[in-house]
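Trainee: In our numbering, the protein residues as written are 189 to 905.
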């Protein structure tokens with residue numbers, strides 16, 4: 189018993205720690221139990237990404253990068269569906285300057301934004317670009333992107349200084365608060381423009397972007413404005429300091445009047461309805477199972493007032509949209525990108541008189557015209573009894589490099605569009621001012637590059653408008669002469685287009701004296717003044733009267749005015765908005781595999797195999813490949829033949845929708861000039877040639893980043 193008592197006591201003492209057991213003679217020793225360690229929270233891994241949406245109303249398709257406070261650059265990423273992006277900033281040091289280069293429905297876009305830490309939602313829009321500009325005290329957009337362009341793989345100090353200024357808490361908070369106040373009357377979702385998540389689908393913040401125009405400040409001391417497109421009401425402004433890095437001046441926001449706000453609210457449905465309308469029209473051209481739509485199917489989308497100059501009315505545009513030789517092809521899309529910045533109808537007689545006045549001393553005639561039109565209430569949307577009755581809309585048809593400003597009218601006919609909208613056209617003849625980047629390959633495959641600003645219009649189109657027209661004047665930002673460009677303080681000059689030389693089909697560039705350009709010869713495009721300044725002294729034809737464009741004054745969205753003239757004076761004029769500027773030569777050289785199509789084979793393989801005096805329909809085919817990096821799509825193919833220096837044949841084949849090959853046919857030609865006249869149509873030629881051919885060339889043109897990217901090479905002989 190005395191042996192059991194200690195055991196019992198031990199069991200009692202350790203009952204809460206372990207069970208007792210054993211035999212009549214002994215027990216196992218009790219092992220000590222370690223205390224349970226306290227729970228130590230594990231810190232989550234640090235955030236290493238930034239994400240958001242890049243949009244201008246329409247989503248932006250492009251490449252996003254981030255630059256950190258130490259000048260380190262992230263790996264670029266492409267935006268996905270709806271402009272969404274996610275960027276890896278692991279190993280980088282906040283804050284971050286974000287930049288996107290790309291296109292929105294074909295319109296060239298460069299914008300900036302800012303993040304103060306990894307893990308944030310950060311949008312990239314015209315409003316975030318304004319926030320960065322206001323906070324940093326310097327121009328945003330392309331100007332800031334250029335400041336931040338690496339030199340010898342090093343981000344310039346001016347870039348990190350701009351980031352430091354923009355990220356200063358007081359400045360950034362003030363800029364954000366100012367922009368929030370500007371858009372408050374129409375920002376019904378109360379979304380933060382910088383950090384609020386949204387989708388580019390026409391609602392929420394995207395709807396706000398659709399309703400406003402952000403005009404950036406393009407130089408130190410200049411003013412940026414935010415206006416309500418429907419009424420041209422100024423919502424707010426930012427004036428930059430005289431020197432970069434100074435404090436911007438941001439007055440209190442100016443809310444629209446009740447009447448203007450009512451119009452804006454009524455206009456909010458315009459773009460969604462028109463986008464749905466264009467989607468219904470595009471649905472007639474599916475990528476698979478495509479059957480050419482009938483005129484009866486297309487006609488309800490076009491108003492009886494449709495006008496693209498004297499020669500193109502409703503019947504002609506319906507014919508184009510139902511012809512495979514013109515616009516009808518599988519996958520054709522017609523997109524509404526946004527509202528025009530102003531009513532884009534052709535100029536009135538009084539407006540033409542003011543624009544062309546010989547006594548006017550204004551050096552900003554186009555800006556004066558736009559200001560006067562807006563001041564008179566000629567905004568993009570017209571109202572009847574307080575409801576939208578027509579709208580000028582930025583459209584992109586197919587993969588065309590240009591952006592069209594077309595009028596749409598609201599009708600009671602909903603057989604085409606549920607909202608009753610119908611296409612009414614531009615009101616002026618067909619032309620374009622496309623940005624171009626060109627690559628020329630010699631026989632050894634060595635590449636050279638050129639940049640052009642087109643002012644293209646076909647002679648037959650001009651003569652259909654009025655057979656007496658012999659000249660076109662083009663006025664607008666940056667247009668000047670090389671002599672004026674080299675003389676500080678001089679005003680710009682109009683660009684003059686004159687009748688073509690024999691063998692050419694388009695109007696050509698003139699020197700300032702009105703004669704054919706000695707530098708451009710028979711071309712219909714000019715170069716930038718900056719590119720001309722880089723040419724060696726004594727370059728043939730280059731002189732003070734050579735037309736050029738000052739790149740510092742031209743930008744996507746700028747408006748130019750074309751005036752058509754006979755020997756008796758101006759007969760009509762119209763505004764035109766550009767959507768892109770030429771890509772730089774450095775960018776083109778570094779990214780040529782992603783920009784230009786590569787010809788893989790030619791039929792026939794030898795120039796000498798092309799038969800003379802025979803229609804060439806179906807006789808010449810190019811096969812090629814393209815890169816998907818920037819969404820390249822085909823535009824046209826070209827063939828030119830010479831006898832020594834004399835043009836024998838020059839043909840441009842429409843290649844839209846022909847992404848791997850194009851075959852030349854008369855019915856599919858965009859332009860043709862040969863030495864064989866067409867007896868049935870005086871002044872035109874047939875798709876054939878006569879006489880010997882000593883040399884030839886070919887080209888393929890893609891649409892990429894808002895540019896026509898052409899690659900030309902010799903035709904093997």
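Glycine included, each C-beta is placed from N, C-alpha and C at the ideal position. None of the values given here were measured: they were computed from a predicted structure.
Looking at the strands, I want to know which residues DSSP matches up with residue 276.
Mentor: 237
Trainee: Can you check the segment 653-686 for any alpha helix (DSSP H) of at least 4 residues that lies completely inside it and give the ranges in chain order?
Mentor: DSSP runs (the alpha helix (DSSP H)) wholly in the segment 653-686: 670-673.
Trainee: Name the DSSP bridge partner or partners of residue 818?
Mentor: For residue 818, DSSP records no beta bridge to any residue.
Trainee: Could you please give me the residues that DSSP links to residue 597 through a beta bridge?
Mentor: 578, 610
Trainee: Just to confirm the assignment: which complete beta strand (DSSP E) runs, minimum length 3, are found wholly within the segment 756-785?
Mentor: 757-765
Trainee: Within the continuous alpha helix (DSSP H) that includes residue 361, where are the two ends?
Mentor: Segment 357-371, the alpha helix (DSSP H) holding residue 361.
Trainee: Assign residue 672 to one of two classes, buried (16 or more other C-beta atoms within 10 Å of its C-beta) or exposed (fewer than that).
Mentor: buried
Trainee: Rounded to the nearest angstrom, what separates residue 776 and residue 602 at their Cα positions?
Mentor: 46 Å
Trainee: Beta-carbon within less than 6 Å of residue 315's beta-carbon, same chain only, minus the 5 sequence neighbours each way: which residues are those?
Mentor: 367, 381
Trainee: Please return the same chain residues whose Cβ sits closer than 7 Å to the Cβ of residue 364, not counting the five positions on each side in sequence.
Mentor: 319, 382
Trainee: Figure out for me which residue from 246, 335, 274, 269 has the closest Cα to the Cα of residue 259.
Mentor: 335
Trainee: For the candidate residues 272, 277, 641, whose alpha-carbon lies nearest to that of residue 261?
Mentor: 277
Trainee: Count the other CB atoms within 10 Å of the CB of residue 794; is the residue buried (16 or more) or exposed (fewer)?
Mentor: exposed
Trainee: Would you tell me roughly how many angstroms separate the C-alpha atoms of residue 201 and residue 308, rounded to the nearest one?
Mentor: Residue placement at residue 201 is flagged as unreliable, the pLDDT there being 38, under the threshold of 50; a coordinate-derived value is accordingly withheld.
Trainee: Between the alpha carbons of residue 297 and residue 584, how many angstroms are there, rounded?
Mentor: Rounded to the nearest angstrom, the two C-alpha atoms are 15 Å apart.
Trainee: Could you check if residue 375 is buried or exposed, using at least 16 other CB atoms within 10 Å of its CB as the buried criterion?
Mentor: buried
Trainee: Taking the straight line between their C-alpha atoms, what separation do you get for residue 444 and residue 706?
Mentor: 53 Å
Trainee: Indicate the three-state DSSP secondary structure (helix, strand or coil) for residue 885 in the structure shown.
Mentor: strand
Trainee: With a threshold of 7 Å on Cβ separation, who are the neighbours of residue 439 within its own chain once the five nearest residues in sequence on each side are excluded?
Mentor: 425
Trainee: Do you know offhand how far residue 209's Cα is from residue 236's?
Mentor: Residue confidence is low: residue 209 scores 41 on pLDDT, short of 50, so the model does not pin down where it sits. No coordinate-derived value is stated.
Trainee: Excluding the 5 residues preceding and the 5 following residue 356 in the sequence, name in chain order all residues of the same chain whose CB lies nearer than 6 Å to its CB.
Mentor: none
Trainee: Can you tell me whether residue 256 is buried or exposed, with buried defined as 16 or more other CB within 10 angstroms of its CB?
Mentor: buried
Trainee: Identify which residue in 394, 303, 399, 337 has its Cα closest to the Cα of residue 352.
Mentor: 303
Trainee: With distances taken Cα to Cα, identify the nearest neighbour of residue 880 among 901, 833, 849.
Mentor: 833
Trainee: Per DSSP, which one or two residues make a beta bridge with residue 489?
Mentor: Residue 489 is not bridged by DSSP to any residue.
Trainee: Considering only residues of the same chain and omitting the five flanking positions on each side of residue 872, which have a CB-CB separation below 8 Å?
Mentor: Non-local beta-carbon contacts of residue 872 in its own chain, meaning distances under 8 Å to residues more than five positions away in sequence, involve 648, 860, 865, 866 in chain order.
Trainee: Can you tell which of 223, 473, 402 has the C-alpha that lies nearest to the C-alpha of residue 417?
Mentor: 402
Trainee: Counting Cβ pairs, one atom from each stretch, are 3 or more of them under 8 Å apart for the segment 517-526 and the segment 244-256?
Mentor: yes
Trainee: Could you give the DSSP three-state label for residue 399: helix, strand or coil?
Mentor: In this structure, residue 399 counts as helix in the three-state DSSP scheme.
Trainee: Give me the Cα-Cα distance between residue 539 and residue 593, rounded to the nearest whole angstrom.
Mentor: Their backbone Cα atoms lie some 19 Å apart in a straight line.
Trainee: Answer yes or no: do residue 877 and residue 850 have a C-beta to C-beta separation smaller than 8 Å?
Mentor: no
Trainee: For the alpha helix (DSSP H) holding residue 467, just list the boundary residues, first then last.
Mentor: Counting along the chain, the alpha helix (DSSP H) containing residue 467 begins and ends at 458-470.
Trainee: Using C-beta distances below 8 Å, list every residue in its chain close to residue 212, excluding the 5 sequence neighbours before and after it, in chain order.
Mentor: Residue placement at residue 212 cannot be trusted, given a pLDDT of 40 that sits under 50; what the coordinates show is reported in the next sentence. Nothing listed; no residue qualifies.
Trainee: Counting pairs of Cβ atoms below 8 Å between the segment 637-651 and the segment 606-626, do you hit three or more?
Mentor: Enough Cβ pairs lie closer than 8 Å, so yes.
Trainee: So, under 8 Å CB-CB, residue 784 and residue 897 are touching, yes? Tell me the CB distance rounded to an integer number of Å.
Mentor: 5 Å
Trainee: Could you check the C-alpha separation between residue 387 and residue 902 for me, to the nearest Å?
Mentor: 47 Å
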